[in-house]
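Position one of the sequence shown corresponds to residue 4 (the numbering used here), numbered consecutively onward.
By construction, the Cβ of each residue, glycine as well, lies at the ideal position given by its N, Cα and C atoms.
Please read these numbers as outputs of a predicted model, since none were measured by experiment.
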Amino acid sequence: MARNLDLTSLRSFVAIADAGGVTRAAGFLNLTQSAVSMQIKRLEDMLGTELLDRSGRKVGLTAAGEQLLGYARRMLALNDEVFGRLTQSAHEGEIVLGVPHDIVYPVIPGVLQRFAKDYPKMRVRLLSSFTRVLQAQFARGECDVILTTEETVEPGGQTLVELPLVWIGAPGGVAWKGRPLRLAYEHNCIFRQGVQAALDEAGIAWEIAVDSDSTRTVEASVSADLAVHTVLAGSEPPYVERIAHHGALPELARMKVNLYVADPVHSPAVEALAELIRRSYASRVEGHAAARAAR
């Protein structure tokens, strides 16, 4: 006799995996903790195995839970896609997506293209700014979904990937050898203070050569070999290069790319956009892991 998994329970399970606990998942889903716990218990009883590891301070996934997570994501995505395609008239309007300048590429164009196919009557307004600005706009309710680059993750956020900061300069440039080291940064760049602290700790003199509101001004200065800059690994603009400094410059912190979603329960289209972003980052992480394993 065929048995069917409950999609509501699967959605709660995925929310727990993303949030790292029942309490935060319940908040995302606008449910009580007991209701979420009951859904997970029902799912475990149906599958005949424990899905959550409750032995530590933070709820994790068992081996069976990790195996289920991929299936659950695909089942929910397919369910949401069906509703999106067959009930398009119910999904009209605008979603505001905020993304830091330096991580618009390479993930977001593909996400927007796929979302436009699934929800042709929904408009996505893309705001590109700095993490601090996007956080303030999100807090004021001006954005439905934002990505941020931070050293930590705030309550309600989900870390999609961790990437190291890297030094960049002009191709074949020598600005990185100069002392004091000439830095180019935007006023609101969230990486700036941490980089300066790392240089101070390493005993390397530095000065701000370019202090601008414009990302283009910073990039032009770096490409002209007037200063150096830092970006997340993999987001280097094409007209600069990662500096092979061989230890002459300090190693920098790893930063988190975090996702924040405003009340996705009451907007399936917003949650669908967020899920596309999650899946796109997950695919990139898996692809990079496979490439490293093949070396």
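Drop a sphere of 10 angstroms on the beta-carbon of residue i, count the other beta-carbons inside from all chains shown, and report buried for 16 or more, exposed for fewer.
i	result
glycine 249	First, the residue type needs correcting, since residue 249 is histidine and not glycine in the sequence shown. Burial call: exposed.
proline 174	exposed
glutamine 161	buried
glutamine 116	exposed
glutamine 70	exposed
aspartate 9	exposed
valine 213	buried
arginine 6	exposed
methionine 49	exposed
valine 110	buried
valine 17	buried
glutamine 163	One detail in the question is off: residue 163 reads as leucine in this sequence, not glutamine. Looking at its Cβ environment, which holds 16 or more other Cβ atoms inside 10 Å, leucine 163 is buried.
isoleucine 280	buried
aspartate 147	buried
arginine 185	buried
glutamate 274	buried
tyrosine 122	buried
serine 129	Note on residue identity: the sequence assigns leucine, not serine, to residue 129. Answer is exposed; the Cβ neighbour count stays below 16.
proline 103	buried
arginine 14	buried
valine 225	buried
valine 114	buried
alanine 208	exposed
tyrosine 74	exposed
threonine 35	exposed
asparagine 261	buried
glutamate 97	exposed
glutamate 278	buried
glycine 101	buried
alanine 200	exposed
alanine 29	buried
isoleucine 211	exposed
glycine 51	exposed
glycine 144	exposed
Could you please give me the residues that DSSP links to residue i through a beta bridge?
i	result
valine 198	Note: valine 198 sits in no beta bridge, so no partner.
histidine 232	Ile171
aspartate 48	DSSP output for aspartate 48 lists no bridge partner at all.
threonine 211	Just to set this straight, residue 211 is isoleucine in the shown sequence, not threonine. DSSP, once it has assigned bridges, lists Leu186 as partnering isoleucine 211.
arginine 245	Ile171
glycine 63	Asp56
lysine 259	Glu153 and Glu165
valine 264	Val148
Thinking residue i and residue j are a contact (beta carbons under 8 Å), I'd like their distance in whole angstroms, please.
i	j	result
lysine 124	glutamate 157	Contact doesn't hold; Cβ gap of about 32 Å is too wide.
threonine 216	alanine 178	In the sequence as presented, threonine is not what sits at residue 216; that position holds aspartate. That pair is no contact at about 22 Å.
glycine 243	glycine 172	Residue 243 is actually valine in this sequence, not glycine. Between glycine 172 and valine 243 the Cβ distance is about 6 Å, and since that is below 8 Å, they are a contact.
phenylalanine 141	asparagine 191	Incorrect: roughly 15 Å between the Cβ atoms, too far for contact.
arginine 257	tryptophan 170	Not confirmed; about 14 Å, so no contact.
tyrosine 188	valine 221	7 Å
phenylalanine 118	leucine 255	Not really, about 33 Å apart at Cβ, beyond 8 Å.
arginine 57	serine 12	Not confirmed; about 17 Å, so no contact.
phenylalanine 86	proline 253	No, phenylalanine 86 and proline 253 are not in contact; Cβ-Cβ is about 50 Å, not under 8 Å.
aspartate 105	leucine 235	6 Å
threonine 218	isoleucine 193	With a Cβ gap of about 13 Å, threonine 218 and isoleucine 193 do not count as contacting.
leucine 54	alanine 67	6 Å
leucine 137	threonine 233	At roughly 19 Å, the Cβ-Cβ gap does not stay under 8 Å, so leucine 137 and threonine 233 are not in contact.
Is any heavy atom in the ligand PLP found nearer than 7 Å to the beta carbon of residue i?
i	result
isoleucine 193	Absent from the structure shown: the ligand PLP. Ligands present: none.
Could you tell me which whole beta strand (DSSP E) segments of length 3 or greater appear in the segment 84 to 161? 96 to 103, 125 to 132 and 148 to 153
Using a Cβ distance threshold of 8 Å, determine whether the segment 10 to 30 contacts the segment 56 to 64, with at least three qualifying pairs required. yes
Which parts of the segment 12 to 39 are runs of the alpha helix (DSSP H), unbroken and 4 residues or longer, counting only runs that do not cross its ends? 25 to 32
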